[in-house]
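One structure below.
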Amino acid sequence: MKETIHILHTNDLHSHFENWPKIRRFLTEKTTQYEKGGIDYTLTDLGDFMDRYHPLTDATNGLANIEIMNQVPYDYVTIGNNEGITNSKQQLKNLYQEANFKILLANLLDKETMSIPEWADVYQIKRSKKGTKIGFIGLTAPIDMSYESFGWEALDPIETLNVWLPELKKKVDVIILLSHLGYPDDKIIAETFPEIDVIIESHTHHLFKAGKMENEVLLAAAGKFGFYIGDVELVIENGKVISKSAETMETATLKEQTIDMVEITNYQVEGENLLSDQVAGVLPTEFEQNSNLMTLTLEAMKDYGQTDVAILNTGVILTDLKKGKITKKDLHECLPHPMNLIKVTLKGRDVRRLVYEIERSRGFLFKFKVVGMKFRGKYFGEMCYDGLTYCKKSHEVKWCGQVIDDDREYELVTVDHLSFLPFFPTIEIAGKIKMLSSDFLRTVLGSYIEKKFSK
Numbered sequence: 253m254k255e256t257i258h259i260l261h262t263n264d265l266h267s268h269f270e271n272w273p274k275i276r277r278f279l280t281e282k283t284t285q286y287e288k289g290g291i292d293y294t295l296t297d298l299g300d301f302m303d304r305y306h307p308l309t310d311a312t313n314g315l316a317n318i319e320i321m322n323q324v325p326y327d328y329v330t331i332g333n334n335e336g337i338t339n340s341k342q343q344l345k346n347l348y349q350e351a352n353f354k355i356l357l358a359n360l361l362d363k364e365t366m367s368i369p370e371w372a373d374v375y376q377i378k379r380s381k382k383g384t385k386i387g388f389i390g391l392t393a394p395i396d397m398s399y400e401s402f403g404w405e406a407l408d409p410i411e412t413l414n415v416w417l418p419e420l421k422k423k424v425d426v427i428i429l430l431s432h433l434g435y436p437d438d439k440i441i442a443e444t445f446p447e448i449d450v451i452i453e454s455h456t457h458h459l460f461k462a463g464k465m466e467n468e469v470l471l472a473a474a475g476k477f478g479f480y481i482g483d484v485e486l487v488i489e490n491g492k493v494i495s496k497s498a499e500t501m502e503t504a505t506l507k508e509q510t511i512d513m514v515e516i517t518n519y520q521v522e523g524e525n526l527l528s529d530q531v532a533g534v535l536p537t538e539f540e541q542n543s544n545l546m547t548l549t550l551e552a553m554k555d556y557g558q559t560d561v562a563i564l565n566t567g568v569i570l571t572d573l574k575k576g577k578i579t580k581k582d583l584h585e586c587l588p589h590p591m592n593l594i595k596v597t598l599k600g601r602d603v604r605r606l607v608y609e610i611e612r613s614r615g616f617l618f619k620f621k622v623v624g625m626k627f628r629g630k631y632f633g634e635m636c637y638d639g640l641t642y643c644k645k646s647h648e649v650k651w652c653g654q655v656i657d658d659d660r661e662y663e664l665v666t667v668d669h670l671s672f673l674p675f676f677p678t679i680e681i682a683g684k685i686k687m688l689s690s691d692f693l694r695t696v697l698g699s700y701i702e703k704k705f706s707k
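Each residue of the sequence shown is one higher than the one before, counting from 253 in my numbering.
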């Protein structure tokens, strides 16, 4: 007995709602077409549907994104890092309460219970009209530093699959992995677990227009920002996959309707209005992004981290802050990045080496375009210090005006973004890194403004 099964997939929308009306229409029409033709289908999303750069996502802690996802009949969804580490633990717990779909997540544990979160399942099994049992399992990128600080334990994907695949294989005819790991990791998984039939991938924003075969495992990937929609086709005979293929539809080629722009604009305006209603503080004078606003931000970081030194790159600050009332909308436009503060402990000799790395790269990084890694600006910019000084002539580095002791430990505060980038390896290699909280840099600055100028 032969049958055809389709798996539609989206990924890494990152709150790019400008593409959503077309995507929704395509998915609605496609699923209706399959239903009328008696064809089995499953609709999936691979994570990072939300991104706090969008004011509506930020104002609602992603709940608006779930309402939007509920507009189409998603079956299974895994989470991306933008769901997992730009939400506090409680926000992530609340995120999917009204979802009309199942969350699949095998490699994240609640540290309080050391079990899979109550809002997620390791896997789900779906039976086709002709009785074929299809197992879906989800994995997310195990970004240890962030998850650990938020009260989660992220597990190694390979070890996780070694635990769960033997159980799943006994129960199903077909195995589909929903992966928010990215292509390098998915290639390794395909080479390690040939029993997986299809890996639908995301996170690294790869686009495989017609799929990609690795060790007889089909990899499907649909890029980023909703530019493409994916469709995997499986032909199954007597419970065995005899053919598998993937294709993508470019959203730009889909017909646009006049009402689409109204919807897209409404998402933006609603988010801006919600943020505008929340006053963060009052500034006695204007603060400019390339001068006193950087000084104020570094002060706020030191105050929050209880350290004497802070470092930050100018590319993070995107606007000035005007005199008078400062709203969360103002802070969001100024610092749209979902960056958290980290405290880095370094020996004196490593502080010196870090500064040398910064100074060596200063000219190169000033106009260097950065994409991702929690950065939502354009250029990296110039690195600024508060509490550190560097003499170009003598190459001497001082800590709060004092000579640095090579063997003493020093603490500085910065943003986690800098630990993800490859420019300053000393932070990751030699530093003891602690994420301070789930608060974003803009939240820290807003609280400091209220504290400093409300007296």
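We put the CB at the ideal spot given by N, CA and C, even for glycine.
Remember, predicted model here, so these are calculated numbers, not experimental data.
field: the segment 283-294 touching the segment 258-266, judged by at least three CB pairs closer than 8 angstroms
entry: Cβ pair count under 8 angstroms is three or more, so yes.
message: Which runs of the alpha helix (DSSP H) at least 4 residues long sit entirely within the segment 598-646? Give them in chain order.
response: Counting only runs of 4 or more residues that sit fully inside the segment 598-646, the alpha helix (DSSP H) segments are 600-617, in chain order.
- prompt: Can you tell which of V426, H455, L429, A358 has its C-alpha closest to the C-alpha of E411?
  reply: By one-based count along the sequence shown, residue 411 stands at place 159. Ranking the options by Cα distance to E411, first place goes to A358.
Option nearest S613 by Cα separation, candidates C636, Q349, N333, D300: As a position in the sequence shown, residue 613 is number 361, starting the count at 1. Taking only the C-alpha atoms, the option nearest S613 is C636.
query: Tell me the DSSP bridge mates of H258?
result: Numbered from its first residue, the sequence shown carries residue 258 at position 6. DSSP, once it has assigned bridges, lists Y293, E485 as partnering H258.
query: Taking the alpha helix (DSSP H) that E585 falls in, what are its first and last residues?
result: By 1-based counting over the sequence shown, the position of residue 585 is 333. Note, E585: alpha helix (DSSP H), 580-586.
- request: Ignore the nearest five residues each way along the sequence and tell me which others in N271's own chain have a CB closer than 6 angstroms to its CB.
  value: Position 19 of the sequence shown, counted from the first residue, corresponds to residue 271. Short of 6 angstroms from the beta carbon of N271, and not among the five residues preceding or following it, lie these beta carbons of its own chain, in chain order: G478, T503.
query: Given N317, which residues of its chain have a CB within under 7 angstroms of its CB, disregarding the five upstream and five downstream residues?
result: What you label residue 317 is simply residue 65 of the sequence shown in a count that begins at 1. Once the five neighbours on either side are set aside, the close Cβ partners of N317 are S267, F301, M302, T309.
query: How should E335 be labelled, buried or exposed, when 16 other C-beta atoms within 10 angstroms of its C-beta is the threshold for buried?
result: Here residue 335 is taken as the residue at index 83 of the sequence shown, counted from 1. Here E335 is buried, its C-beta having at least 16 other C-beta atoms within 10 Å.
message: Here's the rule: buried if 16 or more other CB atoms are within 10 angstroms of the residue's CB, otherwise exposed. What is D657?
response: Translated into the one-based positions of the sequence shown, residue 657 becomes position 405. Exposed: under 16 other Cβ atoms inside 10 Å.
message: Please classify N490 as buried or exposed, where buried requires at least 16 neighbouring CB atoms within 10 angstroms.
response: Counting from 1 along the sequence shown, the entry for residue 490 is found at position 238. So N490 ends up on the exposed side.
field: Buried/exposed call for R660, threshold 16 Cβ in 10 Å
entry: Along the sequence shown, read from residue 1 onward, the residue named residue 660 stands at position 408. The residue is exposed, with fewer than 16 neighbouring Cβ atoms inside 10 Å.
- request: Determine the burial state of F616: buried for a count of at least 16 other Cβ atoms within 10 Å of its Cβ, exposed for fewer.
  value: Sequence index remark: in the sequence shown, residue 616 carries index 364 (1-based). Its Cβ having fewer than 16 others within 10 Å, F616 is exposed.
query: Measuring CB to CB, does K686 end up less than 8 angstroms from K595?
result: Residue 686 sits at position 434 when you count from the first residue of the sequence shown. Residue 595 sits at position 343 when you count from the first residue of the sequence shown. Contact: yes.
- prompt: If we ignore side chains and look at the alpha-carbon of each, how far apart do G383 and S689 end up?
  reply: As a position in the sequence shown, residue 383 is number 131, starting the count at 1. As a position in the sequence shown, residue 689 is number 437, starting the count at 1. Roughly 48 angstroms between the two C-alpha positions.
- prompt: By Cβ distance below 7 angstroms, which residues in the same chain neighbour N339 in space, the five residues on each side in sequence not counted?
  reply: The residue labelled residue 339 in the question sits at position 87 within the sequence shown. Excluding the 5 residues flanking it on each side, N339 has same chain C-beta neighbours closer than 7 angstroms at N313, G314, L347, in chain order.
query: Taking just the CA atoms, how far does V424 sit from L587?
result: The residue you call residue 587 lines up with position 335 of the sequence shown. The residue you call residue 424 lines up with position 172 of the sequence shown. The straight-line gap from Cα to Cα measures roughly 47 angstroms.
task: Below 8 angstroms on the Cβ atoms is my guess for C643 versus D560; work out the distance and round it to an integer in Å.
output: Stepping through the sequence shown from its first residue, residue 643 is reached at position 391. Stepping through the sequence shown from its first residue, residue 560 is reached at position 308. The pair is not a contact, with the Cβ atoms about 19 angstroms apart (cut-off 8 angstroms).
message: If you measure between the beta carbons of L356 and Q342, is that distance less than 8 angstroms?
response: The residue given as residue 356 occupies position 104 in the sequence shown. The residue given as residue 342 occupies position 90 in the sequence shown. It is not a contact, given that the beta carbons lie outside the stated cut-off.
query: Apart from the five residues on each side of it in sequence, which residues of its chain come closer than 8 angstroms, Cβ to Cβ, to T283?
result: Taking the sequence shown and counting its residues from 1, one reaches residue 283 at position 31. Here the set comprises L260, Y293, L295, V324, P325.
- prompt: Taking L429 as the reference, which of Q541, L417, P436 has the closest Cα?
  reply: As a working note, residue 429 is residue 177 in the sequence shown. Per the C-alpha coordinates, the member of Q541, L417, P436 positioned closest to L429 is L417.
message: Suppose contacts are defined by Cβ-Cβ distances below 8 angstroms. Is H458 in contact with Y435 by that definition?
response: On the sequence shown, position 206 is the one that residue 458 refers to. On the sequence shown, position 183 is the one that residue 435 refers to. For the pair H458 and Y435, the CB atoms are nearer than the 8 angstroms cut-off.
- request: Would you mind sorting I494 into buried or exposed? The rule is 16 or more other CB atoms within 10 Å of its CB.
  value: The count along the sequence shown starts at 1 and reaches residue 494 at position 242. So I494 ends up on the exposed side.
- request: Per DSSP, which residues does I427 bridge with? Please list them.
  value: Your numbering for residue 427 matches position 175 in the sequence shown. The partner list for I427 (beta bridge, DSSP) reads G387.
message: Starting from R379, trace the beta strand (DSSP E) in both directions and tell me its first and last residue.
response: Here residue 379 corresponds to residue number 127 of the sequence shown, with the count starting at 1. R379 -> beta strand (DSSP E) spans 375-379.
field: Distance CB(L570)-CB(G533) smaller than 8 angstroms
entry: As a first step, residue 570 must be located in the sequence shown, where it is residue number 318. As a first step, residue 533 must be located in the sequence shown, where it is residue number 281. No, these two residues do not count as a Cβ contact at 8 angstroms.
For M366, three-class secondary structure by DSSP: If you number the sequence shown from 1, residue 366 lands on position 114. The answer is coil: DSSP assigns M366 none of H, G, I, E or B.
message: Less than 6 angstroms between C-beta atoms, sequence neighbours within five positions excluded: which residues of the same chain meet that for K650?
response: To locate residue 650, count along the sequence shown from 1; it is residue 398. Within the same chain, T641 come within 6 angstroms of K650 by CB-CB distance, once the 5 residues on both sides are set aside.
- prompt: Out of curiosity, what's the CA-to-CA distance linking K464 and I440?
  reply: Within the sequence shown, numbered from 1, the residue matching residue 464 stands at position 212. Within the sequence shown, numbered from 1, the residue matching residue 440 stands at position 188. So the alpha carbons of these two residues sit roughly 14 angstroms apart.
message: Tell me the DSSP secondary structure of Q654 in three-state form.
response: Residue mapping note: residue 654 aligns to position 402 of the sequence shown, counting from 1. Three-state DSSP puts Q654 in a strand.
field: Per DSSP, cross-strand counterpart(s) of Y348
entry: Residue mapping note: residue 348 aligns to position 96 of the sequence shown, counting from 1. As DSSP reads the structure, Y348 sits in no beta bridge.
- prompt: Considering only C-alpha positions, which residue in the set F269, L279, A311, K254 is nearest to S528?
  reply: Indexing the sequence shown from 1 puts residue 528 at position 276. For S528, the closest C-alpha among the options F269, L279, A311, K254 is that of A311.
query: Run through DSSP, which three-state label would I569 get?
result: Position 317 of the sequence shown, counting from 1, holds the residue named residue 569. Coil at I569, not helix or strand.
task: Tell me S497's beta-bridge partners as DSSP assigns them.
output: To locate residue 497, count along the sequence shown from 1; it is residue 245. In the DSSP assignment, S497 is bridged to E485.
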